[in-house]
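Quick note, my numbering runs 17 ahead of the 1-based positions in the sequence shown.
Glycine included, each C-beta is placed from N, C-alpha and C at the ideal position.
A quick note: this is a predicted structure, and the numbers were derived from the prediction, not measured.
Input: a single structure, listed below in structure tokens.
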Amino acid sequence: MRWLGLVGAAALAACGSEPDPRGGTCVDPPRGPDMTRLADVTAESGVDFVYENPLFQGGGLAVADLDGDDLPELVAPRRRGGAMVFHNLGGMRFAPRPDSGVPSDLAANAIAAADLDNDGDRELVLATFDATVVFANDGAGGFREVVRFADSGTTEHVLPVDLDGDGLLDLYLSNYDLRDEVKTQNRVLMNRGGLAFAPAVVGGAGLSWTATAFDVDDDGDQDLYIANDTLLADYGTGELSGPVLYPVDLFLRNDGPGADGAPVFTDIAEELGLSRPRSSMGGVLHDFDDDGRLDLYVPDLGSNKVFVRDTNGGFIDRAPELGLAATERVNKYCEGPARTEECLVMSWSGAIVDFDLDGDDELLVVNGETTPFDIPPVTMFARDGALPYRELSPTLPCMDARAQVATDLDGDGDQDLAIAYVNGPLAIFEDRGTPAPSAWLRVVLRGSTSNRDGLGAVVTVRTTRRTVQRVVGHGGVVHASLPAEAHVGLGADVVEAVEVRWPSGTRSELAGPLTGTVVVDEMR
18 MRWLGLVGAA ALAACGSEPD PRGGTCVDPP RGPDMTRLAD VTAESGVDFV YENPLFQGGG
78 LAVADLDGDD LPELVAPRRR GGAMVFHNLG GMRFAPRPDS GVPSDLAANA IAAADLDNDG
138 DRELVLATFD ATVVFANDGA GGFREVVRFA DSGTTEHVLP VDLDGDGLLD LYLSNYDLRD
198 EVKTQNRVLM NRGGLAFAPA VVGGAGLSWT ATAFDVDDDG DQDLYIANDT LLADYGTGEL
258 SGPVLYPVDL FLRNDGPGAD GAPVFTDIAE ELGLSRPRSS MGGVLHDFDD DGRLDLYVPD
318 LGSNKVFVRD TNGGFIDRAP ELGLAATERV NKYCEGPART EECLVMSWSG AIVDFDLDGD
378 DELLVVNGET TPFDIPPVTM FARDGALPYR ELSPTLPCMD ARAQVATDLD GDGDQDLAIA
438 YVNGPLAIFE DRGTPAPSAW LRVVLRGSTS NRDGLGAVVT VRTTRRTVQR VVGHGGVVHA
498 SLPAEAHVGL GADVVEAVEV RWPSGTRSEL AGPLTGTVVV DEMR
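What follows is the structure, encoded as structure tokens:
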């Protein structure tokens, strides 16, 4: 495929080659009606951070409450050095914290924020080029380095996940290195308590962008879908753009701990129907076809995938009939019968969000350049009750971006947005709607037998019209760490019941009606 050639072209462009006639502008027209709720408030937010990343990889982004005030902070590291914690002041205002204890010159590829010692605050994990570093939280959003793991690979995604069921979050590192077969092997760090971890062990391999955790076989433990990049394009015709030279996606069934305490994994991607080569960038969980079972959205180069469960328990791609494939760019440079890889959509990360709180979720997708200077739009898919989805224009600027996190940054009940450009700003977009208190439900978990954040819990919200499932902290977004919560837009629906299936296997049930923020404690 030409991706490596495009990377080289991007490097030449940065060194002063002839400018592209497109001038670095967005040439794609809107692909559907406007959705005008999101306003760019980066300049007035106080978030002044610019990513500097070589070639095509992005920089890290974590959104999490780090000081216990129920407002999420932003943490942004970049690959060329420079990490910053932005304290949330409320009202969509942030202030940099150069005294946070996270070194301001730290270069990092990926980040995670999670309560690793179950003490009620969240630690930070930053993956540098040659190590994975854990920073302990002092309870007020200040950090100190407590452990560093050298030779943990070239990590692009850090997933906190309890793999052995002991109530402590382990760390799964998705590694991507074209030049080093050792550094591109994924690693597992098992949490032994007190912020101590067992030495890293290998857990799968490939050009891995992300991991997504959920219990695919309903046996009570966390399995892992690994998004592997084979550097191949998919035109939506069933044909690939070249030979398969790199490992395909993995689906690691968790078969319990081995002799060293680390989980024994069995790759079942082939039997699940997930082993076809792709340029897989991530994995987002959602019930796209309304059958009550979680499906898997996989961003790709070309035809994106929505793997829904089939009658045999495996997965089958139904993205085209659901209206979610989004194969090609639409602009004057990509017209006519000839189709090239440069005119495909290269999707990097997806987010399931009900921005307008009407009770139907949207899928927001950020995309990357396939040709230098040809900046892609952000794409959005929505539904009005019935399927299939249809494209909307989110009226966001075109951008070459990687990580995105949607959450309520200002505490007003709707979902705002943070997006990490490849080379450009950490951009903040405010949802400018006026949410009614009855139009949304936010579920926050406090585990006891399970991990404190409740990562891996399945939250099921039953309303008068539909049933919604959210898997808390499931991962699947490149370079990024997602908030430990479940948010559901309600519209005119009334919540009849909420069920939480904890990673420990216990269940909590709450009777409706429920709205606003609900905190659920796990009962021992």
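Classification of residue i by the beta-carbon crowding that lies within 10 angstroms, buried from 16 upward
i                 : result
threonine 53      : exposed
glutamate 338     : exposed
alanine 501       : buried
arginine 114      : buried
phenylalanine 111 : buried
methionine 416    : buried
threonine 424     : buried
aspartate 312     : buried
arginine 95       : buried
threonine 481     : exposed
aspartate 251     : buried
threonine 149     : buried
glycine 522       : exposed
aspartate 82      : buried
asparagine 126    : buried
asparagine 329    : exposed
valine 67         : exposed
leucine 262       : exposed
7 Å Cβ cutoff met for residue i and residue j
i              : j             : result
glycine 506    : leucine 374   : yes
leucine 78     : alanine 497   : yes
valine 301     : glycine 493   : yes
asparagine 468 : aspartate 179 : yes
valine 460     : valine 370    : no
serine 320     : threonine 344 : yes
aspartate 205  : alanine 144   : Checking the displayed sequence, the identity of residue 205 turns out to be valine instead of aspartate. Going by C-beta atoms, valine 205 is not nearer than 7 Å to alanine 144.
serine 366     : valine 495    : yes
alanine 131    : proline 89    : no
glycine 118    : arginine 161  : yes
aspartate 266  : leucine 291   : yes
Residue i CB to nearest heavy atom of the ligand FMN below 6 Å
i           : result
leucine 206 : Within the structure as shown, the ligand FMN is missing, as the structure has no ligands at all.
Whole-angstrom distance between residue j and residue i, CA atom to CA atom
i                 : j                 : result
alanine 100       : proline 264       : 32 Å
aspartate 470     : alanine 153       : 16 Å
serine 121        : arginine 346      : 38 Å
alanine 217       : glutamate 352     : 49 Å
arginine 39       : glycine 253       : Legend: pLDDT at arginine 39 = 42, less than 50; position of this residue unreliable, value from coordinates given subsequently. If I take the Cα positions, the gap works out to 27 Å.
aspartate 134     : aspartate 304     : 32 Å
aspartate 234     : aspartate 65      : 44 Å
arginine 463      : arginine 139      : 13 Å
threonine 477     : glutamine 486     : 5 Å
asparagine 208    : aspartate 236     : 21 Å
lysine 349        : proline 389       : 16 Å
valine 511        : aspartate 433     : 23 Å
aspartate 86      : glycine 490       : 20 Å
alanine 474       : valine 44         : 42 Å
asparagine 440    : glycine 75        : 8 Å
glycine 385       : leucine 72        : 12 Å
glycine 170       : phenylalanine 146 : 8 Å
alanine 514       : tyrosine 438      : 39 Å
proline 317       : proline 47        : It should be noted that the sequence gives aspartate, not proline, for residue 317. The alpha-carbon atoms of aspartate 317 and proline 47 are separated by roughly 21 Å.
arginine 19       : alanine 286       : In this prediction, arginine 19 has a pLDDT of 34, which is less than 50 and means its spatial position is unreliable; nothing more can be read from the coordinates.
glutamate 173     : isoleucine 128    : 9 Å
glycine 185       : aspartate 240     : Rather than glycine, the amino acid found at residue 185 in this sequence is leucine. Approximately 16 Å between the Cα atoms of the pair.
aspartate 378     : aspartate 116     : 39 Å
phenylalanine 324 : leucine 190       : 24 Å
alanine 418       : valine 164        : 31 Å
serine 364        : isoleucine 436    : 14 Å
threonine 227     : methionine 298    : 7 Å
tyrosine 406      : aspartate 327     : 20 Å
lysine 322        : phenylalanine 268 : 16 Å
Residue(s) in a DSSP beta bridge with residue i
i              : result
threonine 424  : Asp433
tyrosine 438   : Ala418
isoleucine 445 : Ala435
tyrosine 406   : None, per the DSSP bridge assignment.
asparagine 384 : Ser364
alanine 456    : According to DSSP, alanine 456 bridges with nothing at all.
aspartate 235  : Aspartate 235 is not bridged to any residue.
proline 177    : Leu188
aspartate 401  : Ala403
(request) For the stretch 308-379, list the beta strand (DSSP E) runs that are entirely contained and at least 3 residues long, ordered along the chain. (result) 312-315, 322-326, 332-334, 363-370
(request) Counting only runs of 4+ residues fully inside the stretch 462-523, write out the alpha helix (DSSP H) ranges in chain order. (result) none
(request) Run through the stretch 92-172 for me and flag every whole beta strand (DSSP E) of 3 or more residues, listed as ranges in chain order. (result) 100-107, 110-113, 127-131, 140-144, 148-154, 160-167
(request) Ignoring anything shorter than 4 residues or poking outside the stretch 237-296, list the alpha helix (DSSP H) runs there in chain order. (result) 286-289
(request) Output the residue ranges of the beta strand (DSSP E) runs that lie fully inside the stretch 190-233 and measure 3 residues or longer, sorted by chain position. (result) 202-206, 208-210, 218-222, 225-231
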